[in-house]
Structure formats: structure tokens, C-alpha cells
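Novice:
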Amino acid sequence: MRVLHTSDWHVGRTFHGRDLLAEQEAVLGGLADLVEDRGIDVVVIAGDLYDRAVPSGEAVQTCNRVLLRLKAAGAQIVITPGNHDSAPRVGAFGDFAAAGGLHLRTRIAELHQPVVLRDEHGPVALYGIPFLEPEPARHVLGAPEARGHTGVLTEAMRRIRADLAGREPGTRSVVLAHAFVTGGEASASERSIAVGGVEQVAGAVFDGVDYVALGHLHGPQRLAEHLRYSGSPLAYSFSEAAHRKSVWLVDLDAGGLAGVERHELPVPRKLATVTGRIEDLLADPALERLADSYLSVALTDRVRPLDPLRRLQERFPFAVHLEWRPDGGRAGAGLRYAEAVKGRSDRAVAHNFVADCKGDEPSDGERSLLDEAFSFVGRAEVS
Ligand SMILES: [Mn+2]
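Its first residue numbered 1, the sequence shown is counted upward by one per residue in UniProt numbering.
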């Protein structure tokens, strides 16, 4: 049996205010070609199908079209909700959907009841653990002593192993889970799940099954041969500019896990970061290659330019984020106050202050105003 492991689609997410639905549909719809070309039997989506608990109508329709394409290409589909999803909404009509090959595993109380598919070697049990908020989950699981994410996931896996032990010998097993497993590396686009205790759980919690399809962290990563994050299909923050987004193709044979292959996904629009003065960025011919990229710009002009993002967007239509770093990003390395004023006259300190505030030396008028103020203060002290 060949399983395609993906997660964290976040359908409906925007990128610095830009709508990503068309890009999401292009990349996710492309998975249908992969299903067809590589003979995928089942696609597992380990949470965060949507970006919000109440997705927009357009997001739901996009998701529906993508899932229909996967089904038409010949795959069964198993979905569990992540921390961004509403489990009851994702699971709506699930009992009917299962008849069409779409298995929505959204109920905590039933997480030990797998989707069972068969291949020439016998049954494969696919268990979906919906994202578990520790506090409500421990009550639903009937384990009031369970503490934090580790406690509820340990109880969930105990139930799954108990179910598996009662199945026919040779049953292979896959678990979908949305969690932060120790050793995983986060990026800037995951929402913390730390409410309810320590968010990280040890990988050993998931021992005893053939493959664990993890969701939550947005960079693809391998924690152990059988324990992996697929990551999100698109970058959802500039911190992911260096990620190569991908999915895992997981092969199960008669003995369990037979191999895992990485398949890289197309990049609908690159991410880039540039630093410099606005006139240079607008003129440098070498930057033409960034005209089609999502751009994060750090401006180093001493004086903040007027309306900089609008001007940049005339050359770089996908410039979406702007910072002003007049010191070239060296903030923090500045002198301490006592050192900055040491050995300087009051007038020099004041001139510097004005220069720092306006980004330019004080004008003649400003100098004479300062002189006037200082001489007034001096006279007041004498009298
Ligand atoms: Mn996510």
C-alpha cells in the first residue's frame, strides 16, 4: 500500500494580506497528478486542513474541489483536524462521506476506531487522532489524571495499541497526529499549542505502530524513519523562505514500513528578503529577478521615505512587507546612554539628539533655537 502523507494545508490563509487560494489550489490540485502517476492508494492529511475554525465559503469550495480531484485520481482520503480546525465542522457529514472514500476522523471518543483498508498483504489500520486540547480531551478520554499534551496523547496511543492488539495478525498500522514532537523545528507560522501545559511530547509516545504521519510543524522533517512531519504545502511566513516544501510517499509491505520517499512540491511564488536604500532598490537592474517574488523589504534610508511600500510595489508588485532600519539593522549594538554623552557638551548632545530624531543634521534655524534655549537655561541657573 502506498500512502501520501501531507498536512497543514491551511486553506484560506492569506500571506501578508494577499489571498493565496489560487496558489493553494494549484499546488494541492497537483497532488492528484501524483496520486495517479505514483499509484497512491490513500492520502492522509494530519490536521490544519483549514486556516480557521470557520473557513470562508471560498476556502470550503477550494478544499472540496481538491478532495474531489484526489478521489477521481483513485485515492481514499483520511483527514484529522488540527489546532486551527473546528473538529465538528470538519467532521460534518463524515458518516456519509466515508461511503465515498473520504474518512473524517474527528471524534476523540472514537480515535481508537481505525479506517481499515486492504491490500494484497491484508489489512492496514489508519487511526486518526484529532488535535487534543489537554483539558477537554482528558475528560472525553475518561483519563482525568492525564496531564498536558503528553498525558492525553499517551492515553490516545494506549487505546490505539489496545485496539491494534485485538486485530488479525499482520495488520499494518498508520497513525495521524497533530502535535509538537520533541526534536522538531518550528517556523514562524505555527500557532502555539502551549496553552494547557508543555507543548512538546516525546516521540516514544507514538511507539508501536508502523508509521506516524505528523502535522503541526510547517517544515518537512524526519524525526525517525517512521516518525515524520510532511510540513505545509506552501510557505506561510518569510521564515520558511529556505524550506523545500514536500510530501512523503510511504510504502507499506507485508512486514510494515518498507520505505519512505520525499516528493518536492512546486513553488507557486518564491519568497525573498532585500535590504537597502529605496532609490537603490528601485534602480538596481540585478533586482529585476525579484519582480515576481513575495518580497520582505528592509529600508536603510536615514530618513524614512514617503509612501515607500506603494513606490516599491510599482517595481515589485509582490512586495508585501516593509521594515525601516535606518541603522542598517545594527539596533541593539548602540551605546549606552552614559557612554553616548560622556565628555560632550550639552549643545553637542542636543544636536545629536535632533539629528537622530529627524535623520539629518539640525538646520541653522534649529541650531540657533537650541543655542537660545541653552543660554536661557544658563542665565536662569546664575540668577
Ligand atoms: Mn499548522
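Every residue gets a Cβ at the ideal spot worked out from N, C-alpha and C, and that includes glycine.
As the structure is a prediction and not an experimental result, all values here were calculated from the model.
Just to confirm, is the Cβ distance from G82 to T106 under 7 Å?
Specialist: What you label residue 82 is simply residue 82 of the sequence shown in a count that begins at 1. What you label residue 106 is simply residue 106 of the sequence shown in a count that begins at 1. Contact: no.
Novice: Enumerate in chain order the residues of its own chain whose CB-to-CB distance from V66 is below 6 Å, with the five nearest sequence positions on each side excluded.
Specialist: The residue you call residue 66 lines up with position 66 of the sequence shown. If we look at V66 and ignore the five residues flanking it on each side, its Cβ neighbours are L28 and G29.
Novice: List the DSSP bridge partners of A117.
Specialist: As a working mapping, residue 117 is identified with position 117 in the sequence shown. Here residue 117 is Leu; the residue named in the question, Ala, does not match the sequence. Answer is V124.
Novice: Give the secondary structure of T275 by DSSP, where H, G and I count as helix, E and B as strand, and everything else as coil.
Specialist: Sequence index remark: in the sequence shown, residue 275 carries index 275 (1-based). DSSP places T275 in strand when its eight states are reduced to three.
Novice: Please work out which residues of its chain come closer than 6 Å, Cβ to Cβ, to L132, disregarding the five sequence neighbours upstream and downstream, and give them in chain order.
Specialist: Numbered from its first residue, the sequence shown carries residue 132 at position 132. Only V152 meet the Cβ criterion.
Novice: If we call anything under 7 Å between Cβ atoms a contact, is G39 one with K71?
Specialist: The count along the sequence shown starts at 1 and reaches residue 39 at position 39. The count along the sequence shown starts at 1 and reaches residue 71 at position 71. Not closer than 7 Å, so no.
Novice: What do you reckon, is the C-beta of D8 under 6 Å from a heavy atom of ligand 1?
Specialist: The count along the sequence shown starts at 1 and reaches residue 8 at position 8. Yes, the Cβ of D8 comes within 6 Å of a heavy atom of ligand 1.
Novice: Pull up the distance between the alpha-carbon of D41 and that of M1, whole angstroms please.
Specialist: To locate residue 41, count along the sequence shown from 1; it is residue 41. To locate residue 1, count along the sequence shown from 1; it is residue 1. In a straight line, the C-alpha of D41 is about 6 Å away from that of M1.
Novice: With a Cβ-Cβ cutoff of 7 Å, do H16 and H243 count as a contact?
Specialist: As a working note, residue 16 is residue 16 in the sequence shown. As a working note, residue 243 is residue 243 in the sequence shown. Not a contact, by the Cβ cut-off of 7 Å.
Novice: Quick check: the Cα distance between G256 and D163, rounded to an integer number of angstroms?
Specialist: By one-based count along the sequence shown, residue 256 stands at place 256. By one-based count along the sequence shown, residue 163 stands at place 163. When rounded, the distance between both Cα atoms is 17 Å.
Novice: By DSSP's criteria, Y294 is part of a beta bridge. Which residues make up the other side?
Specialist: In the sequence shown, counting from the first residue as 1, residue 294 sits at position 294. Paired residue(s): L271.
Novice: Quick one: using the 10 Å Cβ neighbour count with 16 as the cut-off for buried, is V174 buried or exposed?
Specialist: The residue you call residue 174 lines up with position 174 of the sequence shown. Buried, since its Cβ has 16 or more Cβ neighbours within 10 Å.
Novice: Work out the CA separation of T14 and A333 for me, nearest whole Å.
Specialist: By one-based count along the sequence shown, residue 333 stands at place 333. By one-based count along the sequence shown, residue 14 stands at place 14. Because the pLDDT of A333 is 46, which lies under 50, any placement of that residue in the model is unreliable, and the number read from its coordinates should be weighed accordingly. Computed Cα separation, rounded: 35 Å.
Novice: Starting from E314, trace the alpha helix (DSSP H) in both directions and tell me its first and last residue.
Specialist: Here residue 314 is taken as the residue at index 314 of the sequence shown, counted from 1. First-last of the alpha helix (DSSP H) with E314: P308 to R315.
Novice: Rounded to a whole number of angstroms, what is the C-alpha to C-alpha distance between E261 and P326?
Specialist: For the purposes of this step, residue 261 is taken as the residue at position 261 of the sequence shown. For the purposes of this step, residue 326 is taken as the residue at position 326 of the sequence shown. If you take the alpha carbons of E261 and P326, they lie about 46 Å apart.
Novice: Take F87 as the anchor and find which of S230, H226, A137 and S239 has the nearest alpha-carbon.
Specialist: Along the sequence shown, read from residue 1 onward, the residue named residue 87 stands at position 87. In the sequence under discussion, the amino acid at residue 87 is Ala, which differs from the Phe named in the question. Minimum Cα distance to A87 is reached at A137.
Novice: Do you know how far the Cα of A59 is from the Cα of D19?
Specialist: Taking the sequence shown and counting its residues from 1, the one referred to as residue 19 is at position 19. Taking the sequence shown and counting its residues from 1, the one referred to as residue 59 is at position 59. If I take the Cα positions, the gap works out to 11 Å.
Novice: According to DSSP, simplified to helix, strand and coil, what is G332?
Specialist: Within the sequence shown, residue 332 is the residue found at index 332, counting from 1. In this prediction, G332 scores a pLDDT of 46, lower than 50, which makes its location untrustworthy; the coordinate-derived value is nonetheless stated afterwards. Of the three classes helix, strand and coil, the one that applies to G332 here is coil, per DSSP.
Novice: Judging by CA-CA distance, which residue of L281, S345, A348 and E23 is the nearest neighbour of R315?
Specialist: If you number the sequence shown from 1, residue 315 lands on position 315. Looking at the Cα atoms, L281 is the closest of the given residues.
Novice: Kindly list the residues whose CB is nearer than 6 Å to the CB of S368, restricted to its own chain and excluding five residues on each side of it in sequence; keep chain order.
Specialist: As a working note, residue 368 is residue 368 in the sequence shown. For S368, where only same-chain residues beyond five positions count, there are no Cβ hits under 6 Å.
Novice: Tell me whether the beta-carbon of V115 lies closer than 7 Å to the beta-carbon of H103.
Specialist: For the purposes of this step, residue 115 is taken as the residue at position 115 of the sequence shown. For the purposes of this step, residue 103 is taken as the residue at position 103 of the sequence shown. Cβ distance < 7 Å, so V115 and H103 count as in contact.
Novice: Use the C-beta contact count for K358: other C-beta atoms within 10 angstroms, 16 or more gives buried, fewer gives exposed.
Specialist: Position 358 of the sequence shown, counted from the first residue, corresponds to residue 358. It is exposed - the Cβ of K358 has fewer than 16 other Cβ atoms within 10 Å.
Novice: When you compare the CB positions of S293 and A272, do they come within less than 7 Å of one another, or not?
Specialist: In the sequence shown, residue 293 corresponds to position 293, counting from 1. In the sequence shown, residue 272 corresponds to position 272, counting from 1. Yes, these two residues count as a Cβ contact at 7 Å.
Novice: DSSP three-state call for F15: helix, strand or coil?
Specialist: As a first step, residue 15 must be located in the sequence shown, where it is residue number 15. F15 falls in the strand class under three-state DSSP.
Novice: Beta-carbon of P136 versus every beta-carbon of chain C: anything under 7 Å?
Specialist: The chain labelled as chain C is not found in the depicted structure, where only one protein chain is given.
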